Each structure stands twice: as structure tokens, then as C-alpha cells.
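>
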Ligand code: SR1
Ligand code: MG
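Numbering (this note's numbering), first residue to last: 623 to 1041.
#1: According to DSSP, simplified to helix, strand and coil, what is residue 727?
#2: Under the criterion of a Cβ to heavy atom distance below 6 Å, does residue 667 qualify as lining the ligand ZN?
#3: For residue 683, which option in 736, 705, 711 and 727 has the closest C-alpha, if you only look at C-alpha atoms?
#4: Please check the pair residue 701 and residue 688, which I expect to be a contact at CB under 8 Å, by giving their CB distance rounded to whole angstroms.
#5: At the level of alpha carbons, what is the spacing between residue 821 and residue 898?
#6: Can you confirm whether the stretch 992-999 touches the stretch 1012-1020 when touching is taken to mean that 3 or more C-beta pairs between the two stretches lie within less than 8 Å?
#7: For residue 695, which residues from the same chain have a beta carbon less than 7 Å from its beta carbon, with the 5 sequence-adjacent residues on both sides left out?
#8: Please classify residue 697 as buried or exposed, where buried requires at least 16 other C-beta atoms within 10 Å of its C-beta.
#9: Can you tell which of 987, 716, 780 and 835 has the C-alpha that lies nearest to the C-alpha of residue 691?
#10: In chain order, what residues of the same chain lie with their CB nearer than 6 Å to the CB of residue 892, ignoring the 5 residues before and after it?
#11: Going straight from the alpha carbon of residue 869 to that of residue 630, what length do you get?
#12: Using only alpha-carbon positions, find the residue among 732, 773 and 830 that is nearest to residue 853.
#13: Can you tell which of 794, 740 and 938 has its C-alpha closest to the C-alpha of residue 866?
#14: For chain D, is any of its Cβ atoms less than 7 Å away from the one on residue 763?
#15: Any heavy atom of the ligand MG closer than 6 Å to the Cβ of residue 1045?
#16: Would you say residue 722 and residue 871 are within 7 Å of each other, going by their C-beta atoms?
#17: Pull the bridge partners of residue 662 from the DSSP assignment, please.
This is the structure:
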């Protein structure tokens, strides 16, 4: 862990006097700190998050803690993740304009970012649990994933710039290491921090006994750690998206790294699938139509991803990969090359999707979609569907024929009594 001289975690009481000297903050909230209101609202697993309001407006102050908040100071975690989050946000803002909160100030020593307060946005996961729809969600997310994937790769970026970026973000070691363990590894053995819902033991035992599955999961990890094709958000679940009825932003990219282009969209689809499988415990009325809406989001977001990726391929392919000099300038179409790149993206995405569906029920850091279900037997039955489908996705990732096929699988598992 990096120990920063002078670093001190903020408190609600001390924040105004400690931060009043930050011009960008005082400008937006008001110059008199005694008029500020401060609320700590961090409900994630790692950081402090304060809403700071005043006569002129409201901002968010996010500060990293030197340990995993979810677990406590027995699990130290580097403060430097705020540095990588700051740089990730600036790149996402350039590559996918309008998709992330605006940054007003960054203090590296305090591991602190002052950024735009998003209102009336709420965490998308909460909306999905409440059965709320978000207009334009799939289009927004499909474009975000395609633009960040394409524009952060050597399909688009000058190679020297991309390599410098890979080197910069390679310093973010311990945070992706959480993903390497919690996401790709711990679900598949009896790891110390694991837990699962009572009643799932037979399903969990079957998954952990499946050597072929473990091989596939770790082939996906091998690609995650060694394929630096683009800058990924690294933790793109429904808790990393804020939304109103019709507006969205992506937040919280501290798990940023250069990794496979299919990683973010795969993790995202997994979180929609878990929202889908958990719905029978959250509502009776409107159940079928809301579940259909969620699957529609998956299909549309994948379609928009492909469409936008192909558009960028045709209009922004300025990097060293598959250049026009090698294809169009020789009178050769590059469409087959684009198809092949997309096939690799989807292979990675569907494997990650299945793995994420496993880790949120088996490892540390479960998701509220399932955890909020008080009836343990009902939760276990729904999680079993999710776990079995995850295994099928991992096993067949390279042969899946698109998001429609994935949603057909989801409908099929949604009707199964597995336990
Ligand atoms: C110890 S951190 C657990 C999880 O929280 C973050 O949001 C990531 O999803 C991570 O895997
Ligand atoms: Mg997070």
C-alpha cells in the first residue's frame, strides 16, 4: 500500500474547513464553509463519497480509503486508485463525450476527486430492483462501450500514445488484482471470503467440480491480464451507472486497466441478466413485461455496440491495426476483418458475462438484486438459474450466436426449477 504523507480521511464535520481552500469547490458550492451541508453517502465497497451543498450548488467529493471499506483495515488497498480513476475519467470523457461526470478538482495526496453532482440520477441497480425503466439506456450504454473500446485501442489511437497509456495504467496493480481473484478465481474453489445462499450447495459443488469450466474461466483470465487492447472501465455493473428516467452516466472507473475490448460489455450484460433472474422476487404485477424490457435492453445494447463499432471502423480507423493502406487502398474490403475482431470481442464478452454471474453469487461482494431477497429459499432458486446459465455461457462463449441467443437461454433458464 502507498502511504501518502499528509493523507487524512475526511469526515462530515471536518470536510468544510479542510476543503474550503479548493477554489473549484468553493466556486461551485459557495465561499463560506459554515453554509455548506455535507452528507456521506458512499454505499459502495471501497470509498468515502460526500455530497457537499451550499448556496451556489452541489458537488460530489470522493475520497479513497487506504483499505477495503467492505472488509475493514485488515485488507489494505492503495490510495493510488484515485489517480487512476481521475485519469480514466478524463479519457472516457474524451473518447465518449457526455458519458461521465465532469471533474472539477483532483488532489493526489488526499486521493480525492471533486466532481459533478448528478441529480436526480440514482444508481441503476436500484432502478432495476424497483422495476423502473430508463429511456435510451441501451443506446447510451452500447455507444459508450463501443466508443471507449474502439477509441482506446490501436484501431484508433497512435501506437506510441496507446503504449504510453498502457504503461501508465499498468501501475494500477492491486485493484485489478481484486478482479483477478474475486471475479475469475474465487468462485471456483472454497476461497476464504466466499459465501453463498443456503440451499445452493449442490449447484456450487457441481460448478467447482467442473474442470473444463475452470479451464475456460482461467483462459478468460489469461486474456484479461495479458490482452491490453483497450482501456476498460473494469467494473461496469449496474452500480457503476447512474440514471434518471431518460439520462445516464457511467461512474467509478477505479478498476481501470488496459484489457480485452469485450470485458466491459460482458460484465454489463451479466448485471442485466442478474437483474432479470431476480425479478420474480421483486414484483408480481408487470413481471413478464419488465423482464422482457430487461432482455430488450441487452439485445439493443449489443446491437448498438456492433453498429457503433462498425461505424467507427469505417470512419475512425486511424491506428496501426487493419489500416486502409492494407485493405481499402489495395481494393480490398475490410468488412471480414471487422467481423473477425467483433467475433473475438463477443467470445470474450460472453465468457466474462458468465463469470460475473458466478462471482456475484459465490465470491465476496454479492449484488443487491439477489441479496435484497429476504426469502432465502426463493433467493437460492433464482440464483441457481443464474449460476447454471453462467456456466453455459462460459462453456459455449465462442459459439454463441448473438445477444438474441443469450436472451433465449435466459428465458429457458428462467423457467427451470433447478434445486
Ligand atoms: C473488495 S471490492 C469488491 C467489489 O467491489 C467493487 O465494486 C468491485 O466490483 C469489486 O469486485
Ligand atoms: Mg465501484
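We put the beta carbon where it would ideally sit given N, CA and C, even for glycine.
All of these numbers come straight from a predicted model, not from anything done at the bench.
Let me lay it out:
#1: By 1-based counting over the chain shown, the position of residue 727 is 105. It is a strand residue.
#2: With respect to the ligand ZN, the structure offers nothing, as its ligand set consists of the ligand SR1 and the ligand MG.
#3: Working through the chain shown from its first residue, we reach residue 683 at position 61. Out of 736, 705, 711 and 727, 736 has the C-alpha closest to the C-alpha of residue 683.
#4: Counting from one through the chain shown, the residue named residue 701 turns up at place 79. Counting from one through the chain shown, the residue named residue 688 turns up at place 66. Rounded, the Cβ-Cβ distance is 6 Å, consistent with contact.
#5: Residue numbering aside, residue 821 sits at position 199 when the chain shown is read from its first letter. Residue numbering aside, residue 898 sits at position 276 when the chain shown is read from its first letter. Rounded to the nearest whole angstrom, the C-alpha separation of residue 821 and residue 898 is 21 Å.
#6: no
#7: As a working note, residue 695 is residue 73 in the chain shown. The residues are 689.
#8: One-based indexing of the chain shown puts residue 697 at position 75. The Cβ neighbour count for residue 697, taken over all protein chains shown within 10 Å, is under 16; the residue is labelled exposed.
#9: Counting from one through the chain shown, the residue named residue 691 turns up at place 69. The residue with the shortest Cα to Cα distance from residue 691 is 987.
#10: Counting from one through the chain shown, the residue named residue 892 turns up at place 270. Closer than 6 Å at the Cβ level, and outside the excluded window around residue 892, lie 975, 978 and 979.
#11: Working through the chain shown from its first residue, we reach residue 869 at position 247. Working through the chain shown from its first residue, we reach residue 630 at position 8. If you take the alpha carbons of residue 869 and residue 630, they lie about 35 Å apart.
#12: Residue 853 sits at position 231 when you count from the first residue of the chain shown. Ranking 732, 773 and 830 by Cα distance to residue 853 puts 773 first.
#13: Along the chain shown, read from residue 1 onward, the residue named residue 866 stands at position 244. Answer by Cα proximity: 740.
#14: This model lacks chain D altogether; it includes just one protein chain.
#15: Look at the range of the chain in this structure, 623 to 1041, and you will see that residue 1045 is not part of it.
#16: Residue 722 sits at position 100 when you count from the first residue of the chain shown. Residue 871 sits at position 249 when you count from the first residue of the chain shown. Yes. Within cutoff.
#17: Along the chain shown, read from residue 1 onward, the residue named residue 662 stands at position 40. The secondary-structure analysis by DSSP pairs residue 662 across a beta bridge with 672.
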